[in-house]
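Undergrad: Quick note: the sequence shown uses the UniProt record's numbering, first residue 1, plus one each step.
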Amino acid sequence: MSGLDKDTTAVMDTQTFDERSLELYLCSHLPGFDSNPSARQTVLQYRSGQSNPTFLLQKGLNKYVLRKKPHGPLLPGAHRIEREFEVQKALFAAGFPVPRPLLFCTDETVIGTEFYVMAHVQGRIFRDATLPEVCPAERSALYVALTETLSQLHSFNIHTLNLTGYGKGKGYCHRQVNTWKKQYERSAHTPIPAMNKLAEWLLGNLPDNDNEEILIHGDFRIDNIIFHPTEARVIAVLDWELSTIGHPMTDLAYLLSLYFWPKEIGFFGYQNEKNFCDMEGMPALKDLMNIYSSCRGVPLPIPDWNFFLVLSFFKLAGISQGIHSRVLIGNSIGENANKYAAMVQPFAENGLKLAKGQHSVISTPDISTNGLFLLSPKGQNIFQKVKQFMDQHVYPAQKEVLEYYTKNENSPLRWKQPAVLKKLKEMAKAEGLWNLFLPAISGLTQTDYAFIAEETGKCFFASGVFNCQVPDAGNMEVLHLYGTEDQKKQWLEPLLSGQIQSCFCMTEPDVASSDATNLQCSIQRDGDSYVINGKKWWTSGAGHENCKVAILMGKTGNASSSRHKQHSMIIVPMNTKGVEVVRGLKIFGFEDTAHGGHFEVHFNNVRVPASNLILGEGRGFEIAQGRLGPARIHHCMRAIGSAEVALQLMCARSAQRRTFGKLLYDHEVVLHWIAESRIAIDQARLLTLKAAKAIDTVGSARAKKEIAMIKVAAPRIASKVVDRAIQVFGGAGVSQDFPLSFMYTWIRILRIADGPDEVHLSAIAKMELLEQSKLLSSKM
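1) Since I believe ILE679 is in contact with LEU647 (beta carbons under 8 Å), could you give me their beta-carbon distance rounded to a whole number of angstroms?
2) What three-state label does DSSP hand ASN546 in the structure shown?
3) Checking the sheet assignment: what are the DSSP bridge partners for SER529?
4) Which residue's Cα is closest to the Cα of CYS295: MET195, GLN152, GLN469, PRO573?
5) Name the two residues that bound the continuous alpha helix (DSSP H) containing ALA692.
6) Going by C-alpha distance, which of LEU66, ALA512, SER35 is nearest VAL11?
7) Under 9 Å, do ASN664 and VAL728 count as touching if we go by C-beta distance?
8) Could you please give the first and the last residue of the uninterrupted alpha helix (DSSP H) stretch that includes LEU481?
9) Give the single residue among TRP201, GLU138, ALA550 whose Cα lies nearest to the Cα of LYS536.
10) Rounded to whole angstroms, what is the Cα-Cα separation between LEU102 and LEU775?
11) Does the beta-carbon distance from GLU280 to MET249 come in below 9 Å?
12) Assign GLY246 to one of two classes, buried (16 or more other C-beta atoms within 10 Å of its C-beta) or exposed (fewer than that).
13) Is the beta carbon of VAL608 closer than 9 Å to that of ASN533?
14) Is it the case that the Cβ atoms of ALA93 and VAL234 are separated by a distance below 9 Å?
15) Could you check the C-alpha separation between ILE710 and SER502 for me, to the nearest Å?
16) Specify, as a first and last residue, the run of the beta strand (DSSP E) that ALA46 falls within.
17) If SER677 and MET637 are in contact, beta carbons under 8 Å, what's the gap, nearest whole angstrom?
18) Could you check if ARG619 belongs to the surroundings of the ligand HEM, using beta carbon to heavy atom distance under 8 Å?
19) Once DSSP output is grouped into helix, strand and coil, what is the label at ALA236?
20) Pick helix, strand or coil for SER735, following the three-state DSSP scheme.
21) Which class does PRO377 belong to by DSSP, given the choice of helix, strand or coil?
22) Taking the alpha-carbon of ILE726 as reference, which of ILE717, ALA714, GLN736, LEU740 has the nearest alpha-carbon?
23) If we ignore side chains and look at the alpha-carbon of each, how far apart do GLN656 and ILE764 end up?
24) Considering Cα atoms alone, identify which of PRO494, LEU436, PHE460 is closest to ALA450.
25) Between GLY112, THR106, LEU57, which has its C-alpha nearest PHE17's C-alpha?
26) Indicate the three-state DSSP secondary structure (helix, strand or coil) for LYS565 in the structure shown.
27) Kindly list the residues whose CB is nearer than 6 Å to the CB of LEU374, restricted to its own chain and excluding five residues on each side of it in sequence; keep chain order.
28) Which word fits PRO365, buried or exposed, when buried means at least 16 other C-beta atoms lie within 10 angstroms of its C-beta?
29) Could you give the distance in angstroms between the alpha-carbon of HIS228 and the alpha-carbon of GLN122?
30) Using 8 Å for Cβ pairs, my map puts VAL177 next to LEU203. What's the rounded Cβ distance?
31) Tell me which residues share the same chain as LYS197 and place their Cβ nearer than 7 Å to its Cβ, disregarding the 5 neighbours each side in the sequence.
32) Around the C-beta of SER700, are 16 or more other C-beta atoms found within 10 angstroms, so that it is buried, or is it exposed?
33) Could you tell me the boundaries of the beta strand (DSSP E) in which ILE245 lies?
34) For GLY584, name the three-state secondary structure that DSSP assigns.
35) Between SER654 and the rest of its own chain, which residues show a CB-CB distance below 6 Å, the 5 nearest in sequence each way excluded?
36) So, using beta-carbon positions, are GLN581 and MET574 closer together than 9 Å?
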C-alpha cells in the first residue's frame, strides 16, 4: 500500500497490540526486516481500514504493510485474511499488479490475531472518486486504466492460478443475495423495508446463467487502487477480503455503480455535488463498458445488466450496515464510519428504483462498435467543434490562402501570413479551439487529439489555425514540461497566446544527425552565460515573420560523459547577436512558407544567460524523448488525414476520366489501388491510436515501441496512397493545380525528419527481441 502521510494516523486505541513482540517476530521470520538492527520500528495505522485494520511498518529504510483481523467479536465468515494472502500470492506470481505478499502469521500470541505482511507500494491512492486533483485528460485515462485492469483480472483462468478451491463458483449471484441479506439482518439496528423488498426482487430475478467461475475482487473501486506516481497506470490492487470465484459482472457493475449513485449521500469520498458522469473528462459509461468488452472479448449488451446494478446497491447497503455495526463495537477506524447507518436506506431505495425502472439511467447503454479507441466526452465535443469549424471556415479559405502564397512565391511577403489566416486564428481562439495539443491546457487526451490531428491534416495550414503547428507545439510542450517558471513566463505564455512563434534547431549539415549523439554544435559555460557555436539546418519555422525564439540542442558534456549525457537544450532568442539565418532550404522544390520554412542557421559566439538552459546540462536526450513521443503521434495522424484526402481525390478522378473506352475505376488495377489504400489507411489509424492510448495510459517512455512502429508505418502508408493518387491523376498529379505533389513532399520528408525508418526499425527489432526472450524465459 501507499505510505502517504495523510493516509495514516496513530494506532487506534481499540487496535493496539504489542509492537515489541511484532518486531521480534519479524526480525526472526521476515528476511531483510532487521537489515538495520539499530533502527527503531515505527507503526502507523491507515485511516481507510473499515474492515481488516491495516498498518504501515517502517524499520530503517524498509517499509512494509501489515494487515490483520480486528480485535473483539467478529461477524461469522468475515475478516478471513488468510484468503487475501492466498489470492495475492497467486496473482503476484501471475504478474497481476498486487503488493508482494511476504509472510503470514497464524500465531495469535504475537499480536493477538492472525496477520500477514506485504511489500509497501509507493504511488497514488485517490479517495475521491471524482478525482478533483487531476486534469480532465488524466481523469479519463485513470478510469480507462482501472477498467482495463479489471478486465485483466477477469481474464485469468482459475485452474492456471491454482485457485479452483478458492470459492464455490456456480450459483454465486444467488449466494450473494443471501449473504448480504443475512449480514444486514445480523447487524441491522432499525428495520428498513426497502432492504427486504430489494432482497425479494433479486431472488425473483436471478440471471439465467449463474454458473460463471471467474476470479473476482468483490470490492473493486478506485480507492482500493494504487496508481503510478506520475502515470495513469495501475501498480497495485488492494483489499482482497471479498474476493472469490463467481460472476465477473458483479465487479463491473459495482465499479460502474458511480454512474447511478443516489444524490442524497456520498461514498468512496464522492460528495455528489454534481452527477459523476458530468465531471469534466470523466469517460462515458458506454465507453468504459466497450473497453471492458473489447479487452475481455465478451459481447454486449450484457445479459441481466440491470440485475447486477441492483445487486451492487443491495451489497453497498449491506456493507454500510456492517460498518455501522463494527462502529458500535469499536472495530472500525474510518472518520466517517459512524455516518454509514444513514446510508443503508438511500442505497436500498436507489436499488429499488433500478429494479422498478424508475432510475434516470437504467437500461443497458447503447454500445457503439466503432473500435477500442474512444474519445472522452470532452474530446468528442471538441472534435465535433473542430470539424464544424473546418467545414464552415477553413476549407472555404483554402483558395484565398493558396492564391496568396502563389502570388508571393518569389516575394519576401511569402513569409508573412495572409490576412484571412490571421482572422481564422482569432476566430478559433475566441471559440476555445486553441492549443488543443497540450493536455494540461486543453483537457484532451492524446487519443482525443489524435482524431483532431487527423482532421487538421486534411488542410495544409489548418494546424496553425488552432495554434497546434510544428515546431511550436513541440517547443511549447518542452517548456511546459521542463521549463522554469521564468522561462514559461517569458516564452511559453506568448507562444500559447499566439503572440510569437518559434523554431527548433537540432539537425546539423556536417554530421549524420540520424544518430543524434553526433551533434557537435557546442554550448559552453562562461560565467553566468553559455556561448553557442555551430551550424544547424532544417531549422523549421525560422522564416516565419513572428519567429522570435529557438530551442537548440547542442553539446555541453565532454568525451568522458555517457554518449546520451553530453547534450543539452537551451533557449536562444532569434535577435541575439551572432544568430545568422543563412539560407532557406527547399524540399523537392517547395519552401513550405505557410509553416515558416526550413532554414540553415549559424551560431557564431552566441551568448545567452545561463538561466536559458532547460532542465540542466546533459538532459537533452531526456527532453527529446518527452518532446518527440506526442509530436510523432501528431505528425502521423496529420499524415493519415492527408492520405484520406488523397484517397478522396483518387476516387473522384477515377470516376471522371476515361481511358481505353472505360472509366478509370473500371480498370482492375485502379480498383485494387482504391481497396489497398482503404485497408492501409485504416491499419495506420488503428496503430497510431494504439500508440496514442499507450502514451495516455503508461507514458511516452513505456510507449517507445508503439511510437516507433507508427513512425515507420504511417508515413510509408500515406506516401503510397498519395503516390497511387498521383498515378491516377497522371501529369495533373505532379502539377501545382492539385495538392498531391505538395502532400507527397511533406509526407516523404517525415521518413527522415523525425528519425529515419532504419533507426526506428532497429529499435523496434531490439525491443521485440527482448520481449520475446523474456516470454521464452517465463515458459521455461
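The beta carbon of each residue, even a glycine, is placed where N, CA and C say it ideally should be.
TA: The short version:
1) 11 Å between Cβ atoms; not a contact.
2) coil
3) ASP526, PRO609
4) Among MET195, GLN152, GLN469, PRO573, the Cα nearest to that of CYS295 belongs to GLN152.
5) Residues 668–698.
6) Nearest C-alpha to VAL11: LEU66.
7) Strictly speaking, residue 664 in this sequence is Leu, with Asn absent from that position. Here LEU664 is near VAL728, since their CB atoms are less than 9 Å apart.
8) 472–482
9) ALA550
10) 25 Å
11) no
12) buried
13) no
14) no
15) Cα-Cα distance, rounded: 26 Å.
16) Per the sequence shown, residue 46 should be read as Tyr rather than Ala. Start and end: 41–46.
17) In fact, because the Cβ distance is near 17 Å, the residues do not count as touching under 8 Å.
18) Absence of the ligand HEM is noted for the structure shown, with no ligands found whatsoever.
19) strand
20) Note: SER735 maps to coil in three-state DSSP.
21) helix
22) LEU740
23) 43 Å
24) That would be LEU436, whose Cα lies nearest to the Cα of ALA450.
25) It is GLY112.
26) LYS565: helix per DSSP, three-state reduction.
27) ASP287
28) Reliability of the predicted coordinates at PRO365 is poor, the pLDDT of 37 falling under 50, and the value obtained from them is presented with this limitation in mind. With a threshold of 16 other beta carbon atoms within 10 Å, PRO365 meets it and is buried.
29) 8 Å
30) 6 Å
31) Taking C-beta separations shorter than 7 Å and ignoring five residues to either side along the sequence, the partners of LYS197 in its chain run LEU352, following chain order.
32) buried
33) 244–246
34) strand
35) LEU664, TYR665, VAL670, VAL728
36) The question names Gln, but residue 581 is Val in the sequence shown. Yes, the Cβ-Cβ distance between VAL581 and MET574 is below 9 Å.
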